[in-house]
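As structure tokens, the structure follows; a few thoughts come after it.
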Amino acid sequence: MSDRGRGMGLSELARFGFADLSSTTAKLDQLVKLVGDSGRSALADLAVCADPDQALNALLFLAESNSAKVKAILKKSDSSRRLCLLLGASSALGDFLKRRPECLNYFDKAIAALPTQALATEFFRSRVVPLLVPGFNSPDVWSALRIAYRESLLQIAIYDLSMVDVKGGLPSVAASLADIAGAALEVAIEIARVELSSTTDHGVFTAEEIQNTEFSVIAMGKCGARELNYISDVDVIYVAGSKSAELANERAVEIATKLATRMMRAIDATAAEPMLWQVDPNLRPEGKSGALVRTLESHLAYYERWAQSWEFQALLKARPLAGSLELGEAYVNALAPKVWSSASRENFVESVQKMRERVTDYIPANEVDAQIKLGPGGLRDVEFTVQLLQLVHGRTDPSVRHRDTISAINALATAGYVGRSEAAAFAESYRFLRLLEHRIQLSDMRRTHLMPASDTRRRALARAVNPKWTVEELLSAWDSVKLEVRALHQKIFYRPLLSAVSRLDGESLSLTDTQAEDRLHAIGFQDPKGALVHIAALTSGLSRRAAIQKQLLPVLLQWFSEGSDPDSALLSFRRLSEDLGESHWYLRMLRDSTYAAQRMTQVLANSKLATSLFERIPEAAAWFEKPEDLIPLPTSEITSEFEAVIGRHDSSEKAINGVRSIRRRETLRIALGAVLGDIDITQVSNSLSGLFEAYLRAVLSIAVEFKDLDLAPGSVNEHVDLGIIAMGRFGGEELGFGSDADVMFVYRVADGADPALAQKVAERVIGEIKRLSSDPLLEFELDLDLRPEGKNGPVARSLDSYAAYYARWANTWEAQALLRARPIAGSPELQSQFLTLINQYRYPTELTESAIVEIRRIKARVETERLPLGADPRRHLKLGRGSLSDVEWLVQLLQLQYGNEHPSIRTPKTLQALEACAREGLIAEHDARVLAEAWTLASRVRSASILWANKRTDVLPTDRRQLEGMARILEYPRGGAGQLQEDYLAFTRRSRAVFERIFYGFEPDAKPE
38 MSDRGRGMGL SELARFGFAD LSSTTAKLDQ LVKLVGDSGR SALADLAVCA DPDQALNALL
98 FLAESNSAKV KAILKKSDSS RRLCLLLGAS SALGDFLKRR PECLNYFDKA IAALPTQALA
158 TEFFRSRVVP LLVPGFNSPD VWSALRIAYR ESLLQIAIYD LSMVDVKGGL PSVAASLADI
218 AGAALEVAIE IARVELSSTT DHGVFTAEEI QNTEFSVIAM GKCGARELNY ISDVDVIYVA
278 GSKSAELANE RAVEIATKLA TRMMRAIDAT AAEPMLWQVD PNLRPEGKSG ALVRTLESHL
338 AYYERWAQSW EFQALLKARP LAGSLELGEA YVNALAPKVW SSASRENFVE SVQKMRERVT
398 DYIPANEVDA QIKLGPGGLR DVEFTVQLLQ LVHGRTDPSV RHRDTISAIN ALATAGYVGR
458 SEAAAFAESY RFLRLLEHRI QLSDMRRTHL MPASDTRRRA LARAVNPKWT VEELLSAWDS
518 VKLEVRALHQ KIFYRPLLSA VSRLDGESLS LTDTQAEDRL HAIGFQDPKG ALVHIAALTS
578 GLSRRAAIQK QLLPVLLQWF SEGSDPDSAL LSFRRLSEDL GESHWYLRML RDSTYAAQRM
638 TQVLANSKLA TSLFERIPEA AAWFEKPEDL IPLPTSEITS EFEAVIGRHD SSEKAINGVR
698 SIRRRETLRI ALGAVLGDID ITQVSNSLSG LFEAYLRAVL SIAVEFKDLD LAPGSVNEHV
758 DLGIIAMGRF GGEELGFGSD ADVMFVYRVA DGADPALAQK VAERVIGEIK RLSSDPLLEF
818 ELDLDLRPEG KNGPVARSLD SYAAYYARWA NTWEAQALLR ARPIAGSPEL QSQFLTLINQ
878 YRYPTELTES AIVEIRRIKA RVETERLPLG ADPRRHLKLG RGSLSDVEWL VQLLQLQYGN
938 EHPSIRTPKT LQALEACARE GLIAEHDARV LAEAWTLASR VRSASILWAN KRTDVLPTDR
998 RQLEGMARIL EYPRGGAGQL QEDYLAFTRR SRAVFERIFY GFEPDAKPE
């Protein structure tokens, strides 16, 4: 070593980039011993490479076995720099040089030009064709091809690492990587054809048949776009056909399938030289389940009839790569019209979004923040935005139909669909992320898209991007790019929509109405013209509100598009903004609270019920800032508020208006919590049931306090003690949105009052309760049909009348209905006496066999007679097979049979009773779990249906849009409609099997007598 080298301290070595300081000096001395004075120049070149320690170790290894050659390289400063950069950047290519030291010759001169597919094919053939002699050994030929490929890869890496503008030259490097991949497949096909011609090991085919088989490899993904990574799966689709009338297409496909299989073996099968990469044909029609090779006609038939929208998006990158280029061009040209018209297909938005998310769903949680490709602000975000814009505008504008991302960005800017400054920033961010990806993969030639976890590897990556960078500077730059990419997606896709209707400050880009409508339609708006009207209304004028909304609408439009009904969401947002006007707190929330604004858009885009209430109570927007404000109020607190309102008014109309307003407000609070997933179905049911109880008690109080009796002197309480008994799902505290309030009324005649007059007073008060409780803005329906004698019986009975009726006339079904009876109003003494009365009927000492048979017969009649005509029994949420009715009737049968003996099962709540029955050994735990899961899901789906459509329905819809809206409320991912349907049918199918086995005592396929 030179005097300077010998006197170098550890701190100076550290500044040069070395980490293994303890042994670096000795290694440098050893290098000088091996190559002489030429080793002295190595230090300066090692200091600028990504990993100086790795490069020095590789240099030593190469010098020990090829000292003369290494010495000659290190003597020339340019050659020395190229070698050190390569060894410091890629341990994998360093290992290749150790295996193939003759490749050190590539460092002698600068690589003048990158390999093209034509040149690479000619080079690969020169190495392979001489080996294709009779009796050749395929693995030997494969190894020759792979060595030739890696030599070309080495040249590309040398060129790449030597560029001054690395990011600027990245597209040409990626294109060359795709070209040598195409060349490798081209020569691999040639090897496969010789294999099939010279041996019968892979099938018996004549030379003429093989020659007349036309076979084309279509590149997809990054290879198709000529933006391939250093190491990546090569996505392909295969097309075949016959060139001769004498060769049937079926036979040609059989031969082509063998060609494809043997071609892939040449690339990735075991041989002396390691595999290159994986050839992935899974983007073909039907994926892994589909035929490996198809004719062009078969491909067209599939895409015409069966293909999903995301499959057309994948075809954006399709390019003839190897084999018959003529057949490949025919494939691409035939499918191009379908690709560029796909944006108008039904469910296009859902399908495109699913394609974006199908990969991210499988990212392990601990990798999300390390993902350069799939994580937030990663390569996938850039590619998704660009491809979506291409599909939207490429339908009518061929100028944006480019395969690679950078060219597509530039074309979109040139055509005026993206602002030039935004396009430049997007392209720069994309190049930076691709540079990170390239440098990470180049290191070990391992397929990964993760930021390295270790400090050593991060340090090497930082130096590979910029020799002067520290790890902290690398991570800071990466974080900035991720943030910019996410912001640019909103700015590029959504902000220009505003320019179509209002001139934005500094906005040079202006979409036409048609272009803006295309873009809105592509992200899910069913009425893009109407959406533009709303956007214009929200952004017009010079008010502070308009100024803030101009800034916010791009991101709000994105959030609306992620919901199930963006049209309604935008309209509701407009109404809300107009109602709240210039409210300081509202504008501040929109501007400063992203969390609150996003939650508001989630509600507006997914729930018509919540939105309809929200429009009437716009001040509820303030709740979005504080999650605790969306927690339902306790029943006691609501009751106190009702009482305070009643106490402030001197008429029933004024009092009931105040009470109704509180009920609407609290229903909205519960609905918002349900849509946002802040409360579960149990909390929804308990809260709605508690609200109904408090509401009815308040209405009863108003009716009693303000009702002027024209029947007799005195107040209502001087004649009757009136009680309300909650029945059905209300009694079980299992109400959902849109549920009726099933009740019965019971009274006790006041001391000294006339029984006949008391009956009339009770009926008069009940009539007033029915009138007051109805609400034209938020439906509330009292259902008295579960009372004795049903619709034919009196609306109220005295306690004595109930006792007399049940003693003489009570039917089994009435005893069953009483299982869910729960007093909610009336004096404590009246409630206690009523419960004592009915317990002897609903928990009998013995349930006779005839009673059990009667229950079974009634259930069978309910299924056949009450199910709506034409309704699918598998999809009815209440009366369908395995749904709410099945579970509830089974639980109630067990309560009737065993409630007297087992007090723990005496509860009006279905799930609590089911759990108690399992604890008491009355039903197997597994069966109870199956029933509980089906009941819970059916209850959730029923409430979701009302939340989404604001209409009552008891049928699982077949309409995809409605099903998707319900799925989103139920927290399924985007595109989860199909999964919701599958889950519901599966849960209820299992529930029905349990029900039939226990309730009827038969196997699932048996029928009751």
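Counted from 1, the sequence shown has number 677 at position 640 by our numbering; the numbering is strictly sequential.
Using N, Cα and C, we set each Cβ at its ideal position, and we do this for glycine too.
It should be emphasised that the depicted structure is a prediction, and the values quoted were computed from it without experimental measurement.
**Message:** I'd like the list of long-range same chain contacts for residue 178, defined as Cβ closer than 8 Å, with 5 residues on each side in sequence excluded.
**Reply:** 165, 168, 169, 228, 303
**Prompt:** What is the DSSP secondary structure of residue 182, reduced to helix, strand or coil?
**Reply:** helix
**Item:** Cutoff 8 Å; reference residue 880; Cβ partners in own chain excluding five residues on either side
**Value:** 932, 933, 936, 937, 943
**Item:** Range of the contiguous alpha helix (DSSP H) that encloses residue 358
**Value:** Careful: residue 358 lies outside any alpha helix (DSSP H), inside the beta strand (DSSP E) at 356–360.
**Request:** Note down the Cα distance separating residue 470 from residue 415, rounded to an integer number of angstroms.
**Result:** 7 Å
**Request:** Note the first and the last residue of the continuous beta strand (DSSP E) segment covering residue 839.
**Result:** Careful: residue 839 lies outside any beta strand (DSSP E), inside the alpha helix (DSSP H) at 836–846.
**Request:** Look up residue 254 in the DSSP assignment and give the residues it is bridged to.
**Result:** 275, 359
**Prompt:** Apart from the five residues just before and just after residue 623, which ones in its own chain have a Cβ nearer than 7 Å to its Cβ?
**Reply:** 617, 658
**Item:** Nearest-angstrom Cα separation, counted from residue 785 out to residue 954
**Value:** 35 Å
**Item:** Which residues DSSP lists as bridging residue 241, in chain order
**Value:** Per DSSP, none; premise fails for residue 241.
**Sub-9 Å separation of residue 475 and residue 266 beta-carbons** = yes
**residue 784: first and last residue of the uninterrupted beta strand (DSSP E) it sits in** = 778–786
**Request:** My understanding is that residue 951 touches residue 969, with C-beta atoms under 8 Å, so please give their C-beta distance in whole angstroms.
**Result:** 6 Å
**Prompt:** Tell me the DSSP bridge mates of residue 761?
**Reply:** 782, 862
**Distance between residue 642 and residue 406 (C-alpha atoms, nearest Å)** = 28 Å
**Request:** Look at the alpha carbon of residue 800 and the alpha carbon of residue 1013, and state the distance between them as a whole number of angstroms.
**Result:** 50 Å
**Request:** Return the chain-ordered ranges of every alpha helix (DSSP H) run that is complete within the stretch 132–191 and spans a minimum of 4 residues.
**Result:** 154–165
**Message:** Cutting at 6 Å between CB atoms, please list the residues of its own chain near residue 692, excluding the five before and the five after it.
**Reply:** 683, 686, 739
**Residue span of the alpha helix (DSSP H) that contains residue 422, given as start and end** = 416–430
**Message:** One question on the structure: do residue 186 and residue 148 come within less than 9 Å of each other, judged by their Cβ atoms?
**Reply:** no
**Exposure of residue 690, with buried meaning 16 or more beta-carbon neighbours within 10 Å** = exposed
**Asked** Between the C-alpha atoms of residue 625 and residue 584, what's the straight-line distance to the nearest angstrom?
**Response** 13 Å
**Item:** Proximity below 9 Å, CB of residue 782 to CB of residue 734
**Value:** no
**Message:** Applying the 10 Å Cβ sphere with the 16-neighbour rule, what's the burial state of residue 759?
**Reply:** buried
**Request:** Give me the Cβ distance between residue 874 and residue 842, rounded to the nearest whole Å; I'm assuming they're in contact under 8 Å.
**Result:** Between residue 842 and residue 874 the Cβ distance is about 10 Å, and since that is not below 8 Å, they are no contact.
**Inside the stretch 319–353 only - beta strand (DSSP E) runs reaching at least 3 residues** = 330–332
**Asked** Just the Cα atoms here: how many angstroms apart are residue 541 and residue 127?
**Response** Bear in mind that the predicted position of residue 541 carries a pLDDT of just 43, short of 50, making it too unreliable to give a figure here.
**Beta-ladder partner(s) of residue 1047, from DSSP** = Any answer about residue 1047 is impossible in this case: the structure gives the chain only from 38 up to 1046.
**Request:** Measure the alpha-carbon distance for residue 375 versus residue 482 and round it to whole angstroms.
**Result:** 37 Å
**Asked** Distance, Cα to Cα, residue 18 vs residue 435?
**Response** Only positions 38 to 1046 of the chain appear in the structure, and residue 18 is not among them; the question remains open.
**Request:** Quick one: grab the DSSP three-state call for residue 26.
**Result:** Limits of the chain in this structure are 38 at one end and 1046 at the other, which puts residue 26 out of reach.
**Message:** Using the Cβ count rule (16 or more neighbours within 10 Å means buried), how would you classify residue 1001?
**Reply:** buried
**Asked** In the DSSP assignment, what are the bridge partners of residue 408?
**Response** 487
**Request:** Helix, strand or coil for residue 437, going by three-state DSSP, please let me know.
**Result:** helix
**Beta-bridge partners of residue 992, as assigned by DSSP** = 913
**Prompt:** Who are the Cβ neighbours of residue 51 in its own chain at under 7 Å, not counting the five residues just before and after it?
**Reply:** 58
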